[in-house]
Amino acid sequence: MTRKQTKQILRGVLLIGTVVSMFFVPWILVKTWLTPLPDTVQEQVNDAIGLGFDGILVYVDRAGTEPAFYAAGWKNRENRIPANPHALFKIASIGKLYDALAITKLVGDNRLSLDKTLADYFPELVGRIENAERITLRMMVEHRSGIPNLTNTPNFWIDPPKSSSEALERVLDLPASFSPGEDYEYSNTNYLLITLLIEKVTDMSKFEYIKKEILNPLGLKNTFGSFHEVNLDDLMSGYYVGVEEDIKTTDYGSMIATAEDVGIFLRALNDGSLFDEGEQEIYSSIYVYNHTGLIPGYQSIAKYHKDIDTVVIQFVNTTNFDGYTWSLFEMVYNRVVKILRRE
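With our numbering, the residue at position 304 of the sequence shown is 305, and numbering never jumps.
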């Protein structure tokens, strides 16, 4: 199947998915909600495949014990390759945790200021992004800038931009969603601009800076800037409901990592060991310590649970955008955590 044919099918699926879900999704959710918890995490992971997921990976890091790895379903459905808990995965918006930490370190080094504006850092965007003179770096990190979300622009998921400049072009001259600082709206445009700012200040790619300041100190070798940097056989396939083709080579700009690498990073972020003096206070003032991710073919949750001192990472390689796969995904995650709390 050609890329053009895949886009046409995906467009059709997006249009009809919501209508179909109105009739079928609630019963799946109710059934999952009412099903008794199994005895073990592996049993729950196995059960998740019966909900329509192609493959699922779970990583559990409970303090004082060796990390546990769980998998079920397919890494690659077409070739019937079983899910591998050590496979690479597109982590989508979980990458914003790394971005926010990178900004924190640059602010801590006095190379950036949270109070300077978009106009200060990118004067060429004055008149192209509404309120550029009033939008601070802090507002962008916190999603309080009012800059429209580029992933909400027409056909973004069907025909993703091929470069940062093309992505930015899609939101230039659009009206602001709200006045800076007066509301909250999750906007991927904020983090596109943050990426460009990190690269402007450091004179290296954002991922190179993240690798130098975050990954290398943790000894993380299985985190990458994009799928172009990895052996595609190591990357878990991605599937969209209604599309037979593996869509892992569609480029939405996601970082790539194993569940273990994300888990090690997340624990270090939450226990403070990633921060130099003064940085944790900065980070805590601008961003969160847990995150989720969602792009076509890939959904992810990375959370630290303080009450049981446990990091739980969950990846699933099946999505749609009418909501039910995400709801089921969250239900499975919550059930895994309940099992861990019960142990």
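Backbone N, C-alpha and C fix where the C-beta goes; we use that ideal spot for every residue, glycine too. Being a predicted model, the structure only gives us computed values, none of them experimental.
Per DSSP, residue i is paired with what?
i	result
TYR299	ILE296
LEU197	DSSP lists no partner for LEU197.
LYS91	ILE257
VAL338	Answer by DSSP bridge pairing: none, since VAL338 is not bridged.
THR319	TYR240
Any heavy atom of the ligand ZN within a distance shorter than 8 Å of the CB on residue i?
i	result
LEU197	Looking for the ligand ZN in the displayed structure turns up nothing, as the structure carries no ligands at all.
Taking residue i as the reference, give the member of the options with the closest Cα.
i	options	result
ILE136	GLU183, LYS213, THR36	GLU183
LYS249	ASP62, ILE296, MET140	ILE296
LYS279	ILE309, GLY109, ILE302, GLY254	According to the sequence shown, residue 279 is Gly rather than Lys. Cα-wise, what sits closest to GLY279 is GLY109.
LYS201	GLY128, ASP174, LEU175, TYR122	TYR122
TRP327	ALA73, LEU219, GLY294, ALA303	GLY294
LEU236	VAL61, THR154, PRO86	PRO86
ARG63	ILE283, ALA72, LYS307, LEU119	LYS307
LEU58	GLU131, TYR325, ILE314	ILE314
PRO218	GLU143, PRO181, ASP262, PRO124	ASP262
PRO68	LEU138, GLY264, LEU329	GLY264
PRO181	ILE130, GLU79, ASP204, VAL289	ILE130
LEU267	GLN281, ASP277, THR251, TYR305	TYR305
LEU119	ASN111, ASN132, LEU107, ARG112	ASN132
LYS32	ARG112, ILE159, ASP48, VAL42	ASP48
GLY128	GLU79, LEU173, ILE211, ASN318	LEU173
THR251	ILE283, PHE157, LEU138, ALA303	PHE157
LYS213	LYS106, GLN45, ASN111, LYS117	LYS106
ASP310	ILE50, VAL61, VAL42, TRP28	VAL61
GLY65	VAL312, ARG343, PHE316, ILE340	VAL312
GLN300	LEU329, ASP277, LEU30	LEU329
Using the Cβ count rule (16 or more neighbours within 10 Å means buried), how would you classify residue i?
i	result
VAL338	buried
VAL333	buried
SER22	Interpretation of SER22 is limited by its pLDDT of 45, a score under 50 that renders its predicted location unreliable; no figure is taken from the coordinates.
GLY56	buried
ARG336	buried
GLY324	exposed
SER146	buried
ASN318	buried
GLY239	buried
Are any of the Cβ atoms in chain D nearer than 9 Å to that of residue i?
i	result
LEU138	No chain D is part of this structure, which consists of one protein chain only.
Return the chain-ordered ranges of every alpha helix (DSSP H) run that is complete within the stretch 33-79 and spans a minimum of 4 residues. 42-50
State whether the stretch 267-283 contacts the stretch 231-248, with contact taken as three or more CB pairs (one from each stretch) at a distance under 8 Å. no
Say whether the stretch 141-153 touches the stretch 177-192, bearing in mind that this needs 3 or more beta-carbon pairs closer than 8 Å, one atom from each stretch. yes
Taking contact to mean at least 3 C-beta pairs separated by less than 8 Å, is the stretch 252-264 in contact with the stretch 78-98? yes
Would the stretch 189-198 and the stretch 92-104 be scored as touching if the rule is three or more Cβ pairs under 8 Å? yes
For the pair the stretch 216-231 and the stretch 167-178, tell me if three or more CB-CB distances fall below 8 Å. no
Tell me the start and end of each unbroken beta strand (DSSP E) in the stretch 98-159 that is at least 3 residues and wholly inside, in chain order. none
Enumerated in chain order, which unbroken segments of the beta strand (DSSP E) with a length of 3 residues or greater are wholly contained in the stretch 226-313? 292-296, 299-306
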